[in-house]
Each structure stands twice: as structure tokens, then as C-alpha cells.
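To start, the structure itself, in C-alpha cells.
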Amino acid sequence: MKIYDMDNKRYMDIKEVKNPKTKVEQLSHVLHCFENDIFEIVYDKSQPALVKYIESLDQNILYQDGMQFLYFTSGTTGLPTGVFKTKKNSIKQAEALLKTLGDRKFNRVVTTVPFVHIYGVDIGAVVPKFLDIDVWTKENFLPEELAIEAEKEGTLIVTTPVFIKALNRIKKDTDLSGSFFLTSTAPVPKEDGKEFHERYKTSVSQLFASTETGLMAHKTDDEQILNTYEGVNISEKYSMLRVSSPFLAQKILKDGVVEDVKPPFQTEDIVEILDDKQFKLLGRSSNLAKIAGKRISTQQIEGIIEAMDGIDCALIKIRRDDRALKDEILDIYVESKEGLDAKNLRKILKEHFGSMNIAFKIFNNMKIVRSSVGKKIGFKEL
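1370 is the number of the first residue of the sequence shown in the numbering used here; add one for each residue after it.
Next up, the structure:
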């Protein structure tokens, strides 16, 4: 395989790169480590708080025998967890992913994501390495540029749900049936998946995964049921998903202490298990609001809001007050030129949830901040 630097229109060698900053440098360096069995700590060095946190840790415990990479979770709800993975974890995972693609043949991979987390490395780097095909990347993609690349027969695109939504909006009249899209674990709304499939005559496989578990399951286009990957065993405890698989982390680093991971691994995902290979994702334990005695996923309400005309993005935080007699309150942060009207929102929520009284407060004129894999991680005022 080779790396193609789309910004400089040239191929780059796979080699050691001290302090890699660009996507191409990150890709070259992680592949060098992977090929040569060199342990590497993979994280976004552009985040000062994360750099400071990692530097504060005992450097001796960061290097564990037999491990290939040490990743760090996003840490949006606290200190990030360090997650150790082996080379075998990545190889077994690539094999399982490729089996779900069937007879599709690819001659290159185009990836929009950076190589500073497990999704970028395991999917954007290890998969093309396993296929022995070239991987193309550039520092910043425009949706129009990605559409042009996807027109080329035999292209596998590794991207995020943000790009799927953006491609729907540009409404480019083109046939992308010769290519196939993979997106990170952030959800693609059902309507967006359906529109994308119908408009571009191709499909997008949404990968359900976490840093600790690796790949767990997948669904395509507007499907709602998740199908587990080969080798993944699922169960549930207190309605939360538990996972055992060959992709599971071997060790985790939490609060400065390294712990062995003993399967099954308990996730925070609220699920409805249909059988031993299929389940529905209902939400995450930290994103479920209790309204009139029922649990409502904030992701579901975000999807309802984002389907409204003029709304670009919405992020909901749950405000809990144990002293109050009311249900939990939803703080709704909205990115939109026009703003979200409370009266209109109540009407639409009533259509979806009936007479259930959902308490909320709207914060308009916000910019929703996302991680490099499309996950909503915060907000700021415009």
C-alpha cells in the first residue's frame, strides 16, 4: 500500500515522523509503528489539556508489554480513559469488518478523519493496509471534493455523519454506486440515510463502536436494527449492553492505574436485544431523561429538532435537580440562522410523544462543537 497526499499531489513514504501534525504525517507514523510492532501512544497533541494530562501520568505505566497502541477516550465527561490495544485486536477487527462488505472490490481508500483515535487508525489506516491498497487523505475536505473522489470506481470512503448530511445538502446530481461509505459511531438520522442512498445510488454503513470495545455492530442507510460483527457476543445488564469480542481492549488506564479488562465489558448503551446477533440502540445512560416516569433519549429529540426546517444542529444537556419536584429539564442548544421557537417545538414534541409535558429551555445562537469523528462534544456562543 501507499499513502497519497492530496494537498501536495504526491505519494508519501511510510516512515517514523517525530511529532506528526498533519493527517498525512499521522497516517505515515502510525502505519510505521504498526508494520514494525512499535508501541505508540495515539492522541490529539493539538489539545493542550490532553497533552498536559498525559504528561502528568507516570510514564513507566504508559508502556505495557505486548500492546500496539494506547488510545485515549474523548474525556468529555471527565478525565479520559487510556485504552490499550494489541496488533491482533486490529487485525481481527479488519477481518470482521471486511466480511460485512461482501464481494465489493476496492482499489483505494479515501479518508476524511485524522489518525489520532481508534476510528482513524483502525478503520482509516489498518483496513487499507490489510487490503494492500492506497489510502488518500488531505488536511481539510469540502463536501464537493469528497463527492468528486467518490465518483471514482472502487473507492471506499471513511468519513463521519457530518459529511453524509453535507453531501445531502449539496444535492449533487451524480451516481456514486461504484463506491461505498463507512461512518463513525455517531448516528446518521434515518431520513438522512434514506436520502443519501436514494440520491447517490450508494450505501453508508454506520459503525457502532467504542474505544474500549472496538467494533460492535453496524447498520446500513436507514436501517434501525444493529447487526453484530462476527465474533461479537452481546448480552445486557440493567438494560445496558455488555460485549465480549476479539476486538476488546486488553487493559485500560484509569486514574493513573492500569487494570485488566475482563469480558464481558459493560457499556453505557441502553439497548433492546432482539436475538444473539441483533439489537436496537435506545440511547446512552447519560443521555436519557426521565419524563413522566418514562425514559426519553436526548438523541431522539435532537433528531426531531434537526429535522425541522432551518435547524442546522442541536445539542441537549439534561439538567437534574434532586430538590425539585419536576421532571428533569432539557437544556437545548441550537445552531441555526433563524432560531428555534419554543411554541413550535412543543407542538412538534406533542406529535411525537403525545401529551407528555417535556420541560425544556432553548439557547439559540449557538455553535455546536464536534470531535473529529462527528460526535457532539460541546457548544459555544456565536
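Where a beta carbon is used, it is the ideal one built from N, C-alpha and C, also for glycine.
Thinking C-alpha only, which one of 1613, 1666 and 1390 is nearest residue 1646?
Here residue 1646 corresponds to residue number 277 of the sequence shown, with the count starting at 1. Answer by Cα proximity: 1613.
Would you grab the beta carbon distance between residue 1527 and residue 1551 for me? Rounded to a whole angstrom, and I think it's under 8 Å.
As a first step, residue 1527 must be located in the sequence shown, where it is residue number 158. As a first step, residue 1551 must be located in the sequence shown, where it is residue number 182. About 5 Å; that satisfies the 8 Å criterion.
According to DSSP, is residue 1668 helix, strand or coil?
Indexing the sequence shown from 1 puts residue 1668 at position 299. In the structure shown, residue 1668 sits in a helix (DSSP, three-state: H, G or I).
Once you ignore the five residues that flank residue 1540 on each side, which residues in its own chain have a CB closer than 8 Å to its CB?
Taking the first residue of the sequence shown as position 1, residue 1540 is located at position 171. Excluding sequence neighbours, residue 1540 sits near 1568.
Is the CB-CB distance between residue 1396 and residue 1494 below 7 Å?
Start at 1 with the first residue of the sequence shown, and residue 1396 comes out as number 27. Start at 1 with the first residue of the sequence shown, and residue 1494 comes out as number 125. For residue 1396 and residue 1494, yes; Cβs fall inside 7 Å.
Burial state of residue 1432 (16 or more Cβ within 10 Å):
As a first step, residue 1432 is located in the sequence shown; it is residue number 63 there, counting from the start. With fewer than 16 Cβ atoms within 10 Å of its Cβ, residue 1432 is classed as exposed.
Among 1519, 1407, 1713 and 1608, nearest to residue 1335 - alpha-carbon criterion
The requested residue 1335 does not occur in the structure, where the chain is confined to residues 1370 to 1751.
Bridge partners for residue 1682 per DSSP, in chain order?
Counted from its first residue, the sequence shown places residue 1682 at position 313. As DSSP reads the structure, residue 1682 sits in a beta bridge with 1704.
Comparing alpha-carbon positions, which option in 1750, 1400 and 1451 lies nearest residue 1708?
For the purposes of this step, residue 1708 is identified with residue 339 of the sequence shown, where counting begins at 1. Residue 1750 is the option with its Cα nearest to residue 1708.
Just to confirm my understanding: we take residue 1501, look at its own chain, exclude 5 residues before and 5 after, and list those with CB closer than 6 Å. What are they?
Indexing the sequence shown from 1 puts residue 1501 at position 132. The residues 1370, in chain order, have a CB closer than 6 Å to that of residue 1501 in the same chain once the five nearest residues on each side in sequence are set aside.
Could you check the C-alpha separation between residue 1383 and residue 1372 for me, to the nearest Å?
Counting from one through the sequence shown, the residue named residue 1383 turns up at place 14. Counting from one through the sequence shown, the residue named residue 1372 turns up at place 3. If you take the alpha carbons of residue 1383 and residue 1372, they lie about 7 Å apart.
By the three-class DSSP mapping on this structure, what secondary structure does residue 1451 have?
Here the question's residue 1451 lines up with position 82 in the sequence shown. Residue 1451: strand per DSSP, three-state reduction.
Starting from residue 1575, follow its DSSP beta bridges and name the residues at the other end.
Residue numbering aside, residue 1575 sits at position 206 when the sequence shown is read from its first letter. Residue 1575 pairs with 1552 and 1588.
So which of 1538, 1475 and 1516 has the shortest CA-CA distance to residue 1678?
Here residue 1678 corresponds to residue number 309 of the sequence shown, with the count starting at 1. Nearest of 1538, 1475 and 1516 to residue 1678, Cα basis: 1538.
Given this structure, state the Cα-to-Cα distance separating residue 1720 from residue 1378, to the nearest angstrom.
Counting from one through the sequence shown, the residue named residue 1720 turns up at place 351. Counting from one through the sequence shown, the residue named residue 1378 turns up at place 9. Distance between the alpha carbons of residue 1720 and residue 1378 is about 52 Å.
Thinking C-alpha only, which one of 1574, 1606 and 1442 is nearest residue 1623?
Against the sequence shown, residue 1623 aligns to sequence position 254. That would be 1442, whose Cα lies nearest to the Cα of residue 1623.
According to DSSP, is residue 1540 helix, strand or coil?
Your numbering for residue 1540 matches position 171 in the sequence shown. Three-state DSSP puts residue 1540 in coil, outside helix and strand.
Residue 1376 versus residue 1497: straight-line alpha-carbon distance, rounded:
Position 7 of the sequence shown, counted from the start, is the residue given in the question as residue 1376. Position 128 of the sequence shown, counted from the start, is the residue given in the question as residue 1497. If I take the Cα positions, the gap works out to 20 Å.
Contact under 7 Å by Cβ, residue 1473 with residue 1503
Translated into positions along the sequence shown, residue 1473 becomes position 104. Translated into positions along the sequence shown, residue 1503 becomes position 134. No. Outside cutoff.
Can you tell me the Cα-Cα spacing of residue 1638 and residue 1464, whole angstroms?
Locating residue 1638 in the sequence shown gives position 269, counting from the first residue. Locating residue 1464 in the sequence shown gives position 95, counting from the first residue. So the alpha carbons of these two residues sit roughly 25 Å apart.
I think residue 1570 touches residue 1544, with their Cβ atoms under 8 Å apart; what is that distance to the nearest whole Å?
What you label residue 1570 is simply residue 201 of the sequence shown in a count that begins at 1. What you label residue 1544 is simply residue 175 of the sequence shown in a count that begins at 1. Confirmed, Cβ separation roughly 5 Å.
For residue 1437, which residues in the same chain have their Cβ closer than 8 Å to its Cβ, ignoring the five residues on either side in sequence?
For the purposes of this step, residue 1437 is identified with residue 68 of the sequence shown, where counting begins at 1. Cβ neighbours of residue 1437 beyond the five flanking positions: 1402, 1403, 1406, 1408, 1409, 1454, 1455, 1456, 1458 and 1459.
Are residue 1633 and residue 1653 touching if we call contact CB-CB under 7 Å?
For this step, residue 1633 is matched to residue 264 along the sequence shown. For this step, residue 1653 is matched to residue 284 along the sequence shown. Not closer than 7 Å, so no.
Proximal residues to residue 1446 (C-beta, below 6 Å), its chain only, five neighbours per side dropped:
Numbered from its first residue, the sequence shown carries residue 1446 at position 77. For residue 1446, the predicted model reports a pLDDT of 41, less than 50, meaning its position is unreliable; a value from the coordinates is still stated below. None.
According to DSSP, residue 1440 sits in a beta bridge with which residue or residues?
The count along the sequence shown starts at 1 and reaches residue 1440 at position 71. Note: residue 1440 sits in a beta bridge opposite 1411 and 1452.
Option nearest residue 1650 by Cα separation, candidates 1467, 1586, 1629 and 1391:
Your numbering for residue 1650 matches position 281 in the sequence shown. Selected option, being the one with the closest Cα: 1586.
In chain order, what are the residue ranges of uninterrupted alpha helix (DSSP H) at least 4 long that sit wholly in the region 1590-1645?
none
Three-state secondary structure (DSSP) of residue 1420
Numbered from its first residue, the sequence shown carries residue 1420 at position 51. In this structure, residue 1420 counts as helix in the three-state DSSP scheme.
What residue does the alpha helix (DSSP H) around residue 1567 start on, and which one ends it?
Taking the first residue of the sequence shown as position 1, residue 1567 is located at position 198. Element bounds for residue 1567: 1559-1569.
Only counting the same chain, and skipping five residues up and downstream in sequence, which positions put a Cβ closer than 6 Å to that of residue 1665?
Numbered from its first residue, the sequence shown carries residue 1665 at position 296. Closer than 6 Å at Cβ, skipping near neighbours: 1658.
Residue 1732 - DSSP class collapsed to helix/strand/coil:
Translated into positions along the sequence shown, residue 1732 becomes position 363. In this structure, residue 1732 counts as strand in the three-state DSSP scheme.
Cutoff 6 Å; reference residue 1591; Cβ partners in own chain excluding five residues on either side
Locating residue 1591 in the sequence shown gives position 222, where the first residue counts as 1. Cβ within range, chain order: 1559, 1562 and 1563.
Using C-beta distances below 7 Å, list every residue in its chain close to residue 1490, excluding the 5 sequence neighbours before and after it, in chain order.
Working through the sequence shown from its first residue, we reach residue 1490 at position 121. Same-chain partners within the cutoff: 1399, 1411, 1438 and 1484.
Measure the alpha-carbon distance for residue 1687 versus residue 1557 and round it to whole angstroms.
By 1-based counting over the sequence shown, the position of residue 1687 is 318. By 1-based counting over the sequence shown, the position of residue 1557 is 188. Cα to Cα, residue 1687 sits roughly 22 Å from residue 1557.
In this structure, how does DSSP classify residue 1465 when only helix, strand and coil are distinguished?
The residue given as residue 1465 occupies position 96 in the sequence shown. In the structure shown, residue 1465 sits in a helix (DSSP, three-state: H, G or I).
Beta-carbon spacing of residue 1703, residue 1683 below 7 Å:
For the purposes of this step, residue 1703 is taken as the residue at position 334 of the sequence shown. For the purposes of this step, residue 1683 is taken as the residue at position 314 of the sequence shown. Less than 7 Å divides the Cβ of residue 1703 from the Cβ of residue 1683.
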